[in-house]
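Q: Below you will find the structure I want to go over with you.
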Amino acid sequence: MNIAVIGSGYVGLPTACGLASFGHNVICIDNNEQKLAVLQSGHMPLFEQGLQELYESNNSNIRFSGDMSDIQNAELIILAVGTPMSDDGSANLQYIYAAANEIKPYLQNGAIVATKSTVPVGTNDEIERIIDNPNVDVVSMPEFLREGYALYDFFHPDRIIIGTDSMDAFNKIYNLYAPHIAPEKIIHTNRRSAEIIKYASNAFLATKIHFINEIADLCEQAGANVDDVANGMGADSRIGRKFLNAGIGYGGSCFPKDTNALAYMAGKYGVQLGIVSTTIQGNYDRRFRIAERINEQIKSVGQNARVAVLGLAFKNGTDDVRYSPAIDVIKNIHHNPIYAYDPQAMKNASQVLGDNIVYEKSVHECIKNADIIVILTEWPDFKELESVTFGRPTVILDYRNLLDENIMQSKENVTYKRIGK
Ligand code: NAD
Ligand code: UGA
2 MNIAVIGSGY
12 VGLPTACGLA
22 SFGHNVICID
32 NNEQKLAVLQ
42 SGHMPLFEQG
52 LQELYESNNS
62 NIRFSGDMSD
72 IQNAELIILA
82 VGTPMSDDGS
92 ANLQYIYAAA
102 NEIKPYLQNG
112 AIVATKSTVP
122 VGTNDEIERI
132 IDNPNVDVVS
142 MPEFLREGYA
152 LYDFFHPDRI
162 IIGTDSMDAF
172 NKIYNLYAPH
182 IAPEKIIHTN
192 RRSAEIIKYA
202 SNAFLATKIH
212 FINEIADLCE
222 QAGANVDDVA
232 NGMGADSRIG
242 RKFLNAGIGY
252 GGSCFPKDTN
262 ALAYMAGKYG
272 VQLGIVSTTI
282 QGNYDRRFRI
292 AERINEQIKS
302 VGQNARVAVL
312 GLAFKNGTDD
322 VRYSPAIDVI
332 KNIHHNPIYA
342 YDPQAMKNAS
352 QVLGDNIVYE
362 KSVHECIKNA
372 DIIVILTEWP
382 DFKELESVTF
392 GRPTVILDYR
402 NLLDENIMQS
412 KENVTYKRIG
422 K
């Protein structure tokens, strides 16, 4: 198939490289000139495990362009542009509608436009109105990949949702995936259900995280251990252990914006999503309470304390710092300087953090002579702390419950604290 992907970001690039690896011809369009220059020089402009390698082994099937007329032979056009949060919490749809307007002149009869961007219910109706061509089907095909696992999720999705009333469009997309993905994972719905499935899924996962974080607060007061509680709850297959890791709250370019957009869209339909609203507020507040705990710790060690922060990305496996709770926590630590290290996100973080941060080259350099070490992102790299000998009194605030508790508690000179214990 000739496929065009509009938007070469965290979703567009893994999708493009994955489809190219199935043998399709893919043209990727992006209007960010800087990004395009990097792509055209053969490099991926973002960090995603295995992406550069997948691109290199399929580069004969992929082209990058800034010229929309290059999509004119495409049978399938995938929209993967951003839908960021507006000030009022709604999804900002200016990029998706601009993309729909820009592709319109180049759509051939029989083409399918499939929206992978996360968009509120009814957006694909509007895209259809913009395209205004009865020979083109507009399909909602939401994306569920996780950053850091984007390629794994592309090749092993839990489900592929195809939201359309057109059997012809459904069959074409079904045939695209069915040779590679277990066909029972391909689910056919109408377009509006597909749009809501995406938001409801993200909001449910966000709620699960906020729920366990509230339970963690209770555990701290009640002499319990949230990890044991999560394991005990998660052993019930109806609940499941995933997304019950207590920490500093969820972040990233998706859960914060999508929970807000869902609450906003429900409001437009006169429906109150109380659970979602509580999750949004509780998760936001949590980062300030975490910062407060760190400030208290600094106060008790002394204002000359050397403070080392491990983790800037919103989660492990990515260089993405969009709505990273780690960034907000650091912004609210009243101390200067703060020494920081992240395996991938230091460049992005340096663009949003003030200049009281000293970026170190390794875990080892970052924690050298530290009085307080705070873990804010769940990078497996930070497990290195388990084998470090601490020659001076060190407080370790493991706010992602990453390290082995028994090992850390038996270390000399270490005061080890974690969430929900
Ligand atoms: P991104 O910002 O990484 O990439 C979007 C790209 O689109 C950018 O490179 C931008 O330059 C380009 N673009 C914008 N307007 C364009 C236009 N008119 N023509 C050509 N290019 C254009 O965004 P992302 O993280 O890939 O997210 C894209 C969408 O997918 C969002 O709606 C998001 O909610 C959704 N989503 C993201 C993830 C994720 O893990 N990041 C997962 C599932 C769904
Ligand atoms: C999330 C969803 O998992 C994807 O299915 C979805 O496609 C994507 O959003 C999206 O719509 O864009 P992602 O944002 O990449 O993916 O990251 P997650 O792995 O879901 O983590 C989100 C946040 O929750 C991170 O800050 C992470 O640290 C936090 N988290 C996750 C916890 O605090 N505890 C957990 O148990 C799990």
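Once you know that position 256 of the sequence shown is 257 in our numbering, the rest is easy, because the numbers rise by one and skip nothing. Quick reminder that beta carbons are idealized off the backbone N, C-alpha and C, glycines included.
1) Measure how close the beta-carbons of Leu146 and Leu52 come, nearest whole angstrom, since I'm counting them as under 8 Å.
2) Keeping to the same chain, check which residues put their C-beta closer than 8 Å to that of Met1; ignore five residues upstream and five downstream.
3) Going straight from the alpha carbon of Thr16 to that of Phe155, what length do you get?
4) Just how far apart, CA to CA, sit Tyr96 and Pro121?
5) What residues in its chain sit with their C-beta under 7 Å from that of Leu425, if we drop five residues either side in the sequence?
6) Just checking Ile210 against the ligand UGA - is the residue's beta carbon closer than 7 Å to any of the ligand's heavy atoms?
7) The alpha helix (DSSP H) spanning Gly13 covers which residue range?
8) Considering just the uninterrupted stretch of the beta strand (DSSP E) at Leu311, what are its terminal residues?
9) Does the beta-carbon distance from Gln410 to Tyr400 come in below 8 Å?
10) Note the first and the last residue of the continuous beta strand (DSSP E) segment covering Arg419.
11) Cβ of Gln345 within 8 Å of Cβ of Phe48?
12) Report the rounded CA-to-CA distance for Trp380 versus His336, giving the unit in angstroms.
13) Indicate, with yes or no, if the ligand NAD has a heavy atom lying under 7 Å from the CB of Cys255.
14) What are the boundary residues of the alpha helix (DSSP H) that includes Ser202?
15) In chain order, which continuous runs of the alpha helix (DSSP H) of length 4 or greater are located wholly inside the stretch 22 to 80?
16) State yes or no: is the C-beta of Ile4 within less than 8 Å of the C-beta of Leu20?
17) From the DSSP secondary-structure annotation, give me the bridge partner or partners of His189.
18) Can you give the Cα-Cα distance for Arg1 and Gly250, rounded to whole angstroms?
19) Is the distance from the Cβ of Gly252 to the Cβ of Pro326 below 8 Å?
20) Tell me whether Met409 sits in a helix, a strand or coil according to DSSP, three-state version.
21) Between Ser167 and the rest of its own chain, which residues show a CB-CB distance below 6 Å, the 5 nearest in sequence each way excluded?
22) Among Thr190, Asn191 and Pro158, which has the Cα closest to the Cα of Tyr178?
23) For Ile240, collect the residues of the same chain with a Cβ closer than 7 Å to its Cβ; drop the 5 residues on either side in sequence, then sort them by chain order.
A: So, from the listed chains and residues:
1) Counted from its first residue, the sequence shown places residue 146 at position 145. Counted from its first residue, the sequence shown places residue 52 at position 51. Going by Cβ atoms, the distance from Leu146 to Leu52 rounds to 11 Å, so no, they are not a contact pair.
2) Outside the shown range of the chain, which is 2 to 422, sits residue 1, and nothing can be said about it.
3) Start at 1 with the first residue of the sequence shown, and residue 16 comes out as number 15. Start at 1 with the first residue of the sequence shown, and residue 155 comes out as number 154. Per the coordinates, the alpha-carbon of Thr16 lies some 7 Å from the alpha-carbon of Phe155.
4) Numbered from 1 along the sequence shown, position 95 holds the residue referred to as residue 96. Numbered from 1 along the sequence shown, position 120 holds the residue referred to as residue 121. Rounded to whole angstroms, Tyr96 to Pro121 spans 14 Å at the Cα level.
5) With the chain covering only 2 through 422, there is no way to say anything about residue 425.
6) Taking the sequence shown and counting its residues from 1, the one referred to as residue 210 is at position 209. At least one heavy atom of the ligand UGA is nearer than 7 Å to the Cβ of Ile210, so yes.
7) Walking along the sequence shown from the start, residue 13 turns up at place 12. Per DSSP, Gly13 belongs to the alpha helix (DSSP H) from Gly13 to Ser22.
8) Residue mapping note: residue 311 aligns to position 310 of the sequence shown, counting from 1. Val308 to Leu311 is the span of the beta strand (DSSP E), which, as asked, contains Leu311.
9) As a position in the sequence shown, residue 410 is number 409, starting the count at 1. As a position in the sequence shown, residue 400 is number 399, starting the count at 1. Contact flag unset, no.
10) Your numbering for residue 419 matches position 418 in the sequence shown. Start and end: Val415 to Arg419.
11) On the sequence shown, residue 345 is found 344 positions in, with the first residue counted as 1. On the sequence shown, residue 48 is found 47 positions in, with the first residue counted as 1. Yes, the pair counts as a contact, with Cβ atoms nearer than the cut-off.
12) The sequence position of residue 380 within the sequence shown is 379, counting from 1. The sequence position of residue 336 within the sequence shown is 335, counting from 1. Distance between the alpha carbons of Trp380 and His336 is about 24 Å.
13) Mapped onto the sequence shown, residue 255 falls at position 254. Yes, the Cβ of Cys255 comes within 7 Å of a heavy atom of the ligand NAD.
14) One-based indexing of the sequence shown puts residue 202 at position 201. From DSSP, the alpha helix (DSSP H) with Ser202 extends over Arg192 to Ala223.
15) 34 to 41 and 52 to 59
16) To locate residue 4, count along the sequence shown from 1; it is residue 3. To locate residue 20, count along the sequence shown from 1; it is residue 19. Yes, the pair counts as a contact, with Cβ atoms nearer than the cut-off.
17) Locating residue 189 in the sequence shown gives position 188, counting from the first residue. Note: His189 sits in a beta bridge opposite Ile163.
18) It is not possible to answer for residue 1, since the shown part of the chain is limited to 2 through 422.
19) The sequence position of residue 252 within the sequence shown is 251, counting from 1. The sequence position of residue 326 within the sequence shown is 325, counting from 1. For Gly252 and Pro326, yes; Cβs fall inside 8 Å.
20) For the purposes of this step, residue 409 is taken as the residue at position 408 of the sequence shown. Here Met409 sits in helix by DSSP.
21) Against the sequence shown, residue 167 aligns to sequence position 166. Excluding sequence neighbours, Ser167 sits near Asp138.
22) Walking along the sequence shown from the start, residue 178 turns up at place 177. If we check each option's Cα against that of Tyr178, Pro158 comes out closest.
23) Your numbering for residue 240 matches position 239 in the sequence shown. Taken in chain order, the residues that qualify are Met234.
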